[in-house]
Structures are given as C-alpha cells and as structure tokens.
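First the structure, in the form of structure tokens, and then the observations on it.
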Amino acid sequence: MRLATFDEDRIGVVQDDHVLDVTSLVEPLGTGTSAMRRLITNWGELDLSSATGPRRPLAEVRLEAPVPDPTKVIAAPVNYRDHQSEMSQASHVSSLGFFLKAPSSLLRPQGTVQLPYTDRRFDQEGELACVIGRQARAVSPEDALSYVFGYTGLLDITMRGGEDRSTRKSFETFTPMGPWLVTADEFGPPVDVDLRCWVTGNLRQRANTADLIWDVARLVSYASWVTTLEPGDILTTGTPAGVGPLQDGDTIELDLARIGGVLRVTVSAGGAGTSHTLGRDTGPVPPPALTWGAAGSASAEPAGEPTPS
Numbered sequence: 093m094r095l096a097t098f099d100e101d102r103i104g105v106v107q108d109d110h111v112l113d114v115t116s117l118v119e120p121l122g123t124g125t126s127a128m129r130r131l132i133t134n135w136g137e138l139d140l141s142s143a144t145g146p147r148r149p150l151a152e153v154r155l156e157a158p159v160p161d162p163t164k165v166i167a168a169p170v171n172y173r174d175h176q177s178e179m180s181q182a183s184h185v186s187s188l189g190f191f192l193k194a195p196s197s198l199l200r201p202q203g204t205v206q207l208p209y210t211d212r213r214f215d216q217e218g219e220l221a222c223v224i225g226r227q228a229r230a231v232s233p234e235d236a237l238s239y240v241f242g243y244t245g246l247l248d249i250t251m252r253g254g255e256d257r258s259t260r261k262s263f264e265t266f267t268p269m270g271p272w273l274v275t276a277d278e279f280g281p282p283v284d285v286d287l288r289c290w291v292t293g294n295l296r297q298r299a300n301t302a303d304l305i306w307d308v309a310r311l312v313s314y315a316s317w318v319t320t321l322e323p324g325d326i327l328t329t330g331t332p333a334g335v336g337p338l339q340d341g342d343t344i345e346l347d348l349a350r351i352g353g354v355l356r357v358t359v360s361a362g363g364a365g366t367s368h369t370l371g372r373d374t375g376p377v378p379p380p381a382l383t384w385g386a387a388g389s390a391s392a393e394p395a396g397e398p399t400p401s
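Numbering (the working numbering), first residue to last: 93 to 401.
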C-alpha cells in the first residue's frame, strides 16, 4: 500500500493518479503527533484495505513529507563502496556508525532546497530510507525487518567541509523525503532495489541496494542497540557514487524501484550569504563566533585557521 501525507496533515492511500482520503479513520486515534505517526503506531488496529472516502487527483493535492515529525532521522555514512572511493574515505559505516539529521530539515516533495551560503559546495545524495513501525530496542539483524513499516525515497543534501556530518546535513530543507511511503508487505525485501538520481536532467547516480555495505536489517539492528527506535523514525541507508555540486535553479529527481513515483525538488540560492569561513570546497573551519552589540544585533568574528577534517 502506498500511503501519503498531504495538505498539511491528511492521510491518503495513493491509487494510480488519485489519492483516497482516509483521514477520518485516523482522527479517533488522538492528537499530539502527526496523523501518519498515529496511523503507524496503531496500524494493527486499522483496516485500510476496504476504506472508503473522497478521491482526489494527485495533481490537485500538496504532498508533504510522508512522516513530517519523526523523533529521529538516522543516517548511514559511506555505505556504498563506490561512494567510499569517490570521496577518498578510509572508513565506512562499519567503523563510523551513524549520524543524526535534524527532523526540522525534512522537506516535502515539490519543495525547494534553500542553499544557505554562496561560498560553500552543496551536493545531492539520493538514498533509500525505511520508516520504523513499532518500538525497537536491541533487536537482531534477523528480526530487524519485522520492525520496518515501510520505505520511501530521501535526498540527503550535504554541505562539504570539515564540520561534523550532522551540522553539514541539518540545514532547513536539507532532507527532502517522499513522494510517499510504501508499506513493507508491498515493497518486499529491500534488496535488489534500483536507484537513479538526476540533477537538471543529467543522470548522476545509478545503483542498486545489493551494493550496500550494511543492508537495511543490519542498520536497523545496529541503531536499535544504541537508541530506542520509535514508530515513525526514519533510517536512511546512505548514497552511492555520483554526488555532485548543486546550483541555483537545479532540479533534483530521485527514482527508486517499487516506490512508484519520483521525488522531485528544486534548488534555490535566493537569500544565501557567505559562510564566514575560509575556503570554498574544503572550508574545514569552525563556524564564526557571534558577538552581540548593544542593540542586540549579531556580528560574526573572523574564523580562525583551518582545522583538520
């Protein structure tokens, strides 16, 4: 089943080029979290297979990030061998573990990635992500997939430089997600899944999840031994080779087999300023210290010497 969040906090079942609005089935489940998180948490009590409701053309609704309010976005660094080579990384996921992205960085399909700086390089990273369906703590790789609710596409927009990964990847709009999620029973085992990513019509990334260093089961298991995974949490599996710089006006399109739709966003540098750091692509210096004037305005002190990444 393909499930979408649309028009702020409505839930729909995607059926070809229409969406069946089933929000009324979720409304009795309380408040406090998004409708999608309530649906995931109470999935065993619901039956959407014969649900009825208004049907609307997909083209007439505004799709949102499938899970707009996860408690965590967990990401695998360097999880494809070819990406390890292109980035000249000595280490990969097995020694690096995972990093966190701010949930506030999530962006809806058809949204706009806002580049914050004009003097830093920003890359696209297309990935397969999974959504947790029930609380998971210290689970084995053999059992891990039973805790996965579904799968979706995710773009891990990244600023290159020496700052911590979580810093460089957590700017607002830096985690486009969607266009919807596909439940695990329909998606099937997350192996042998083709991934393609275009930037302004140019194919940059083409890979298959069979090439993952850590597969979804191992990643979920590992993360669950570090932190309790909650329904709606997102784990994204890392990106293959082909990352490259983004420019103002670019369009990014991510297509994953079995999702049944393309995640598409645009890129804008409108309003971007300088990062107050030394260098462009490398830029491995700390953010500037802020000093506050008498009127409460902030000014940036010059950054120090570059620090090793």
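C-beta atoms are modelled at their ideal positions from N, C-alpha and C, and glycine is treated no differently. Computed from a predicted model, the values in this text were never measured in an experiment.
Taking the runs of the alpha helix (DSSP H) that are 4 residues or longer, which of them lie wholly in the segment 248-312?
Runs of the alpha helix (DSSP H) inside the segment 248-312: 257-260 and 276-279.
Please classify residue 290: is it buried, with 16 or more other beta-carbons within 10 angstroms of its beta-carbon, or exposed?
Looking at its Cβ environment, which holds 16 or more other Cβ atoms inside 10 Å, residue 290 is buried.
Considering only their Cβ atoms, is the gap separating residue 225 from residue 241 smaller than 8 Å?
Cβ distance < 8 Å, so residue 241 and residue 225 count as in contact.
Looking at the secondary structure, which residues open and close the beta strand (DSSP E) in which residue 360 lies?
Per DSSP, residue 360 belongs to the beta strand (DSSP E) from 354-360.
When the Cα of residue 191 is compared with those of 246, 327, 119 and 283, which residue comes out closest?
Nearest C-alpha to residue 191: 327.
Starting from the Cα of residue 216, find the closest Cα among 159, 255, 320 and 296 and give me that residue.
Out of 159, 255, 320 and 296, 296 has the C-alpha closest to the C-alpha of residue 216.
Between residue 348 and residue 304, is the Cβ-Cβ spacing less than 8 Å?
Taking 8 Å as the Cβ cut-off, residue 348 and residue 304 do not qualify as a contacting pair.
List the residues that DSSP assigns as beta-bridge partners of residue 104.
Note: residue 104 sits in a beta bridge opposite 96 and 113.
In angstroms, rounded to a whole number, what distance separates the CA positions of residue 156 and residue 234?
The straight-line gap from Cα to Cα measures roughly 32 Å.
Is residue 337 helix, strand or coil by DSSP?
It is a strand residue.
Taking residue 365 as the reference, give the member of 105, 207 and 312 with the closest Cα.
Per the Cα distances, 207.
With respect to the alpha helix (DSSP H) encompassing residue 237, which residues constitute its N-terminal and C-terminal limits?
Unbroken run through residue 237: none, as it is neither H nor E.
Which same chain residues, not among the five before or five after residue 322, have their C-beta less than 7 Å away from its C-beta?
The residues are 163, 224 and 227.
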